[in-house]
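Protein chains: 2
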Amino acid sequence: MLKYSFEKASRKPLYEELYEALKGDILSGRLQAGQKLPSKRQMAEDNDISITTVLNAYQQLITEGYISSSEKRGYFVEEIQQIEPVPESPHTFVEKYYKEEDWFADFESNNFLYNRFPFAMWKKVIREILSEYDLELVRRGNPFGLEELRTQIADFLYRSRGISVSPECVIIGAGVEYLYARLVNLFSDETIYAVETPGYRKIPDIYDAYDLQWQSVGMDAQGIRMHELFSSGANIVHVSPEHHYPLGTVMSVARRHQLLNWANSNEGRYIIEDDYDCEFRYQSKSIPALKSRDRAGRVIYVNTFSKTLSPAVRISYMVLPEQLLQRYIEHTHFFTNSTSSLEQYAVARFLEKGYFERHLNRIRKQYRQKGEQLIHLLQENKNIPIRSIRGGESGTHVTVSLDTNMSDRELKERSAEKGVHLSCLSDFCTRPEPRYDHVMVLNFSDMEEETQREAIRRLGDIF
Amino acid sequence: MLKYSFEKASRKPLYEELYEALKGDILSGRLQAGQKLPSKRQMAEDNDISITTVLNAYQQLITEGYISSSEKRGYFVEEIQQIEPVPESPHTFVEKYYKEEDWFADFESNNFLYNRFPFAMWKKVIREILSEYDLELVRRGNPFGLEELRTQIADFLYRSRGISVSPECVIIGAGVEYLYARLVNLFSDETIYAVETPGYRKIPDIYDAYDLQWQSVGMDAQGIRMHELFSSGANIVHVSPEHHYPLGTVMSVARRHQLLNWANSNEGRYIIEDDYDCEFRYQSKSIPALKSRDRAGRVIYVNTFSKTLSPAVRISYMVLPEQLLQRYIEHTHFFTNSTSSLEQYAVARFLEKGYFERHLNRIRKQYRQKGEQLIHLLQENKNIPIRSIRGGESGTHVTVSLDTNMSDRELKERSAEKGVHLSCLSDFCTRPEPRYDHVMVLNFSDMEEETQREAIRRLGDIF
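Protein chains in written order, with our numbering: chain L, 1 to 463; chain S, 464 to 926.
Right, here's the structure in full:
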């Protein structure tokens, strides 16, 4: 006889208590494999519970495979291998691995100007979208992005970057890393990617993450060095012609033409144009995108709203040449879109109503002022052995070349001791090049005037 | 003398017109490499414009590399290689490649029950979040996901799946495909992945997209076949113990123990538990997750809100064992989070306030009814040669085994002609297995009663 005592006060249904009790006895071996359980009626009588309760408990045990039922013969305990004893998972208590770092001044991160985010407008638009749409917000939708948004982006690219492109070629994704993951999928394993050195370190990091082959190609005053690109054997090159990070170089028209000729001369060659910074040119009109001169369909254009609107708006996009689009559809037809519909609608409206460009004009002015002020503070400071300063006419960083013997490592350590976080040009190099030593890279986008002033004063103290 | 005529009515600044004119002449070869341009003063006089206008135009041309200035000598046209003539990109006008398909009844897609989305509640929560938060919504934030949401998910997993896990091990991502892309990054190229056949086809598709090696492993009534798994040489296996798709199998406790023993017996082995459907079990209590018995840290748990809330809420998550978490941090520290902060806050509140579980209870009831009705309609129809029907006790699909000689292909074609879209079990097989022929897979989650009735009637007509 199997008799169990049930907790009267338990909030669990009675059948669950019986199920747990039997399960425990099976796992502990008190009930053994092949053993016959009492019939439902017998079990109900022995425990003073209803037959339905027993049936439900037995049913759950059958579903999970603890017992089986055999018609007319009854219920039997199944053979269950024990989990062999294993050392418990090493509970290396995972410390909070993400810490917001606590610097007095952080010139290393190029943070968005948070307090300039157009909250009122953004919230208004989100509220509008919420009241105008229902089903559209929750449907699976087009895997390549919301049609409204892709149309607005195509218009915007035409207006602001001289790029003429069908909305069908615009692919929306949750961040540039996400789009890169989709993109590298389109090319064979033998593909060699070229990255500029110095350059944006995240790009080779991404290639490494996918175990892809990449080559460093050096820079000169006009942009990426063509002879090095040719000899690298690369098929695909990543560039930012509008504003190289961190050198600030604008790729000359001559170099652009050479680069297009490089791509056009061989079937499998493509250029990835990372236009991350094109919205922030202050002292002249913006420079047309390389993509705007791409007749042969060799330029893949990539940009993001994370930098202009906010890093929390995870909406980036790429423009694929049509032959790649075809390949993309074949490779990733089964991927669902990775981006919030609500926010896609909101960004589309931001573009459509001109809010986006108004916002850009405002922050452009603010970034420009911040840059001018930073340069001014640097020039005024007599303790920093400045050789030259580059930047200010575009983007959100300046480079400061120093007349010092102090190693970059020491420079960064000493400034860190003062609460000032910064990087050096050498941090952006994927191969050692002494000519890039002794150059600080200062990102200034979200630093207030008072912080800048004090940070530069502290920097002066380290020499 | 260079004399240009300017459009008075143009809305462009005068300097831009001059810049465009000079640029055109340089690109066309009218102005040749090395040629000296008129001085600013001369150019201004010749064209009756101000010196500043000329200066601005020259400056833009210098920035873009069309001309250079040489101190005291003047301005000179740069040498610019022409873009060699290339065939225009084949303008295979990209037809709209995403079409919402127009079926009378679609049993193939497992669409979310759109019209049951708790709009009012969702909008209320989004509005609340909008009014309560500012900066938090636009900051870059934790790359692994919002802390509030990860804490709520950890609590939810404990309550509903018996999984005890630190919020630090919960990683948020924009969709399961995104998390998979991160996940496969953690393992070496030599890794062999095992997938169940039949099984969810997206998984081998994803492995293919990343050029990874995978092996099919067959199923029996208790779940994945252990001897095949052993002989496959796989290190990592993807399973859905709670409810196999599309067979509907619940992995027995005996098989679960064997599977855990398989993983525990070798350093590099892991189990990916895809718990995609665990919220929808109707006729018994839910079955504990495999992860809940994982003492050795060998189970990676994956789930999503896209299926329970809406596919447009692109919030999925995975729970990593601690040793993998460490590797994850090293590999992907530079990835930013891919998910909307606004929606992460909203889902966190949905969980915290119990709205999510209330919503689940509601749609669980609706799915159950839809399933019962579909089974009833199938049983009533005398024209469909049904051998057996499986499903209904869980999930949002049933399988219908047929007594017919009609090939699966013909079956699908004939039903498509009637406007009824469906798939067969053989579509889910990664190797041919005749025993899975002649079985329809019918997803029913978003089909209204009237549509079901008519669709089943039409299905009867094809035999």
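C-beta: ideal position from N, C-alpha, C; glycine also. Please read these numbers as outputs of a predicted model, since none were measured by experiment.
Nearest neighbour of residue i, chosen from the options [CA to CA]
| i | options | result |
| --- | --- | --- |
| S694(S) | Y818(S), Q678(S), V702(S), E595(S) | Q678(S) |
| N185(L) | A644(S), L649(S), S651(S), G625(S) | A644(S) |
| H707(S) | G487(S), V904(S), G492(S), R474(S) | V904(S) |
| G625(S) | L646(S), L642(S), R758(S), D511(S) | R758(S) |
| V540(S) | P548(S), Q522(S), I546(S), P550(S) | Q522(S) |
| E653(S) | Q676(S), E742(S), Y663(S), T660(S) | Q676(S) |
| E393(L) | I129(L), S286(L), F107(L) | S286(L) |
| D569(S) | I925(S), A484(S), T914(S), S769(S) | T914(S) |
| R812(S) | S773(S), Y478(S), Q615(S) | Q615(S) |
| S70(L) | N47(L), S39(L), D46(L), E45(L) | S39(L) |
| R139(L) | A520(S), Q807(S), D909(S), D924(S) | D909(S) |
| G817(S) | F619(S), E742(S), E911(S), I734(S) | F619(S) |
| N698(S) | V902(S), R744(S), L722(S) | L722(S) |
| F743(S) | E730(S), N519(S), K875(S), E820(S) | E820(S) |
| I530(S) | N510(S), R504(S), G487(S), W566(S) | G487(S) |
| M43(L) | I129(L), S5(L), P13(L), K12(L) | S5(L) |
Min CB distance residue i to chain C below 8 Å
| i | result |
| --- | --- |
| S747(S) | Judged by its chain identifiers, the structure shown contains no chain C, and its protein chains are L and S. |
Residue i to residue j span [Cα, whole Å]
| i | j | result |
| --- | --- | --- |
| K466(S) | D275(L) | 35 Å |
| E454(L) | R390(L) | 21 Å |
| S160(L) | A154(L) | 10 Å |
| N361(L) | T308(L) | 11 Å |
| M464(S) | L481(S) | 14 Å |
| P85(L) | E611(S) | 35 Å |
| G636(S) | I778(S) | 6 Å |
| L135(L) | G662(S) | 30 Å |
| R921(S) | A879(S) | 10 Å |
| P321(L) | G297(L) | 5 Å |
| Q789(S) | I206(L) | 18 Å |
| F650(S) | N337(L) | 25 Å |
| F907(S) | S627(S) | 33 Å |
| G696(S) | K881(S) | 45 Å |
| V313(L) | E343(L) | 7 Å |
| N142(L) | T404(L) | 56 Å |
| K202(L) | R872(S) | 47 Å |
| Y270(L) | G492(S) | 28 Å |
| E101(L) | R756(S) | 37 Å |
| L600(S) | I386(L) | 39 Å |
| E815(S) | N766(S) | 18 Å |
| I655(S) | S572(S) | 29 Å |
| R474(S) | R364(L) | 22 Å |
| D924(S) | E659(S) | 33 Å |
Beta-carbon spacing of residue i, residue j below 8 Å
| i | j | result |
| --- | --- | --- |
| V700(S) | I80(L) | no |
| T526(S) | S388(L) | no |
| Y178(L) | Y641(S) | yes |
| G395(L) | D277(L) | yes |
| V962(S) | C632(S) | Nothing can be reported for residue 962(S), as the shown portion of chain S is limited to 464 through 926. |
| G65(L) | T339(L) | no |
| V125(L) | A346(L) | yes |
| H257(L) | Q495(S) | no |
| S889(S) | Y899(S) | yes |
| R127(L) | R877(S) | no |
| E273(L) | Y301(L) | yes |
| L490(S) | A520(S) | no |
Cβ contact check for the segment 891-900 of chain S and the segment 825-839 of chain S: 3 or more pairs under 8 Å
Under the 8 Å Cβ criterion, the segment 891-900 of chain S does not count as touching the segment 825-839 of chain S, having fewer than three qualifying pairs.
Counting beta carbon pairs with one atom in the segment 244-258 of chain L and one in the segment 387-405 of chain L, are three or more of them shorter than 8 Å?
In short, these stretches touch, since the Cβ pair count reaches three.
Determine, using beta-carbon pairs with one atom in the segment 218-234 of chain L and one in the segment 514-523 of chain S, whether at least three such pairs fall under 8 Å.
no
For the pair the segment 581-597 of chain S and the segment 312-332 of chain L, tell me if three or more CB-CB distances fall below 8 Å.
no
Do three or more CB pairs link the segment 352-368 of chain L to the segment 378-389 of chain L at distances below 8 Å?
no
Quick check for students: name the residue ranges of the beta strand (DSSP E) that lie wholly in the segment 379-451 of chain L, counting only runs of 3 or more.
386-391, 397-402, 439-443
Ignoring anything shorter than 4 residues, give me the alpha helix (DSSP H) runs that lie fully in the segment 497-544 of chain S, in order along the chain.
Runs found: 503-510, 514-527.
At 3 residues or longer, what runs of the beta strand (DSSP E) sit wholly inside the segment 659-714 of chain S?
Complete beta strand (DSSP E) runs here, min 3: 676-683, 699-702.
Runs of 4 residues minimum, wholly inside the segment 578-653 of chain S: which ones carry the alpha helix (DSSP H) assignment?
582-595, 598-601, 610-624, 639-647
Kindly provide the ranges of any alpha helix (DSSP H) runs that are 4 or more residues long and lie completely inside the segment 299-339 of chain L, ordered along the chain.
322-332
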